[in-house]
Structure formats: structure tokens, C-alpha cells
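A.B. asks:
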Amino acid sequence: MNLRRSLSLFILFALLAFNHYSHTAGAAGPSPGTGGDPLVTKSYLDRYLGQAMGELKEQLAYLKIETKKIDERLKRLEARLIQPIILTLGQAEARQGDTVTNLAKAPYVKEGRTMLPFRFIGEAMGAEVVWEGAAKQAIFKRGSQMVRLTIGSKQAELNGSLVELDAAPELADSVTMVPVRFVADGLGARIEWLPEQKQVIIRP
């Protein structure tokens, strides 16, 4: 049930309750604002209705806030359900659940760091991936997190701060390869190394 439908049902319930209260009050005595009850004027009813509508608006605002909180919790739960990405050194494919993706180049190790095609790692983690050809830079954006890497440079940018890399990004067979751990960590993912299987596990 979407928010709009929920709010519509809530308003309908409130109006029905108010209508029931009005009929109940009318059954016990003269109708408000009539000659039988001259003390209750139209202005009084207007003020009463204004107050009731004000309270209703406050309740609707509260419902919107609570709905937003629930949506955020659902997003966190969905993130936990995302299947890990499994990469094996020397194999030009990645596995995520039942899905197998062919890579432009197989992962390999450079200066103790696993290198991976830059576009795959970004897109697999749901990040926006930008390639600035003139500057030879790969940029990853995921929410408030941003990683900027430059081909041939061990200096990278992480959320506006400069950091040093163990291995510089490079072109290998015309494919831009980047250190997977730095990118994954920078975008808020968890990463594991399984030495016996020679596999990298990325948990977005």
C-alpha cells in the first residue's frame, strides 16, 4: 500500500469519526448554531473545525516522517540482501548470485593489490561511473561517497581528501584497471581475500 492510499484511508477514517461524533452530539440535544442552541455560533464551529483540521495535519505530518523512517530501514535491509560479488584471479568473469558477468580483462595482482576493470567494479556496486578522458581519471560516486583515480598516479581523492595508493591505476590491453580494495572501501563496501581460492569477495 503506497503512502497516498494510506493517507486517503486515514483522512476518510477521520472524517467518518467526526461525522459520527457530530450525529451523536446532535441526538443528545439541539443542533449547534440553531435557534435551539443559540450559545453555539457559526464562528465557534469554524474555530472548532479549524482546530480539528490543524490536529489532523499534525498527524499527517507525523505519518510522513514515520513512513520515511520505514523506507530508510527497508533500503538498509535490501542492501543486506544484495549478493556478494565473487572474483577469481586470472578469470575474466564475476559471479553475483546466479548471474555471471564477463569482464573486459581478468583480475590480476600488481604490487600486492588486486586490479579490476574500473567500470565493472563501480557499476556492480551501484555507483555512478564517470571517465574523464582528457584528465585520464576514473570517478566513482555512490551517495555521499566519491572516489577519483588518475591513470599512472598513486595519489587519489577520497571524499575531497588526497590519499596515497599502494598501486597506481593503469591501462592494460586498453582497459583501465584500478585497485579494487581502495575503490570498494571508498564506496562503503566490505571486501575479503580468500588466498586458497585466489578469490576476492566484495559485499556492496
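Numbering (the numbering used here), first residue to last: 1 to 204.
In this text, a Cβ means the ideal position worked out from N, Cα and C, and glycines have one as well.
Given the structure is predicted, the values throughout are model-derived calculations rather than measurements.
In chain order, what are the residue ranges of uninterrupted alpha helix (DSSP H) at least 4 long that sit wholly in the segment 62 to 150?
C.D. replies: As far as the segment 62 to 150 is concerned, its whole alpha helix (DSSP H) runs of at least 4 residues are 118 to 124.
A.B. asks: Between the alpha carbons of Arg205 and Ile85, how many angstroms are there, rounded?
C.D. replies: In the structure as shown, the chain begins at 1 and stops at 204. Residue 205 is therefore absent and cannot be evaluated.
A.B. asks: Can you name, in chain order, every residue of its own chain whose Cβ lies under 6 Å from the Cβ of Tyr108, other than the five neighbours on each side?
C.D. replies: Hits under 6 Å: Met115.
A.B. asks: Starting from Ala172, trace the beta strand (DSSP E) in both directions and tell me its first and last residue.
C.D. replies: That run of the beta strand (DSSP E) goes 170 to 172.
A.B. asks: Under the criterion of a Cβ to heavy atom distance below 6 Å, does Gly133 qualify as lining the ligand GDP?
C.D. replies: The ligand content of the structure shown is nil, which means the ligand GDP is not present either.
A.B. asks: Compare the beta carbon distance of Asp166 and Arg113 with 7 Å and say whether it is the shorter of the two.
C.D. replies: Contact: yes.
A.B. asks: Taking contact to mean 3 or more Cβ pairs, one atom from each stretch, closer than 8 Å, check whether the segment 143 to 158 and the segment 179 to 194 are in contact.
C.D. replies: Flag = yes, the segment 143 to 158 and the segment 179 to 194 touch.
A.B. asks: Spatial neighbours of Gly122 within its chain, please: C-beta separation below 6 Å, excluding the five flanking residues on both sides.
C.D. replies: The residues are Val129, Phe140.
A.B. asks: Could you tell me how far apart the beta carbons of Leu89 and Lys198 are, in whole angstroms, since I believe they sit closer than 8 Å?
C.D. replies: Yes, Leu89 and Lys198 are in contact; Cβ-Cβ is about 4 Å, under 8 Å.
A.B. asks: Checking 7 Å against the spacing of the C-beta atoms, do Arg203 and Arg190 come in under that value?
C.D. replies: Their beta carbons are under 7 Å apart, which means Arg203 touches Arg190 by this criterion.
A.B. asks: Helix, strand or coil for Ala27? Go by DSSP, reduced to three states.
C.D. replies: For Ala27, the predicted model reports a pLDDT of 48, less than 50, meaning its position is unreliable; a value from the coordinates is still stated below. Looking at Ala27 - three-state DSSP - the assignment turns out to be helix.
A.B. asks: Is the beta carbon of Val178 closer than 7 Å to that of Phe118?
C.D. replies: Yes; because the gap between Cβ atoms is below 7 Å, this pair is in contact.
A.B. asks: Find the nearest neighbour of Ala164 within the set Leu171, Glu170, Ser153, judged by alpha-carbon distance.
C.D. replies: Note that residue 164 corresponds to Glu in the displayed sequence, not to Ala. Residue Ser153 is the option with its Cα nearest to Glu164.
A.B. asks: Answer with buried or exposed for Arg142, where buried requires no fewer than 16 other C-beta atoms within 10 angstroms of its C-beta.
C.D. replies: Answer is buried; the Cβ neighbour count reaches 16.
A.B. asks: Have a look at Thr101 and Ala127 and give me their C-alpha separation to the nearest angstrom.
C.D. replies: Roughly 17 Å separates the two Cα atoms.
A.B. asks: Which of helix, strand or coil does DSSP assign to Ala156?
C.D. replies: Note: Ala156 maps to strand in three-state DSSP.
A.B. asks: Considering just the uninterrupted stretch of the alpha helix (DSSP H) at Ala184, what are its terminal residues?
C.D. replies: 180 to 186 is the span of the alpha helix (DSSP H), which, as asked, contains Ala184.
A.B. asks: So Leu194 is in the beta strand (DSSP E); what residue range does that whole segment cover?
C.D. replies: Its beta strand (DSSP E) spans residues 190 to 194.
A.B. asks: Please determine, among Arg73, Leu56, Leu45, Lys136, the residue with the shortest C-alpha to C-alpha distance to Pro169.
C.D. replies: Closest by alpha carbon: Lys136.
A.B. asks: Decide if Thr99 is buried, meaning its Cβ has at least 16 other Cβ atoms within 10 Å, or exposed.
C.D. replies: The residue is exposed, with fewer than 16 neighbouring Cβ atoms inside 10 Å.
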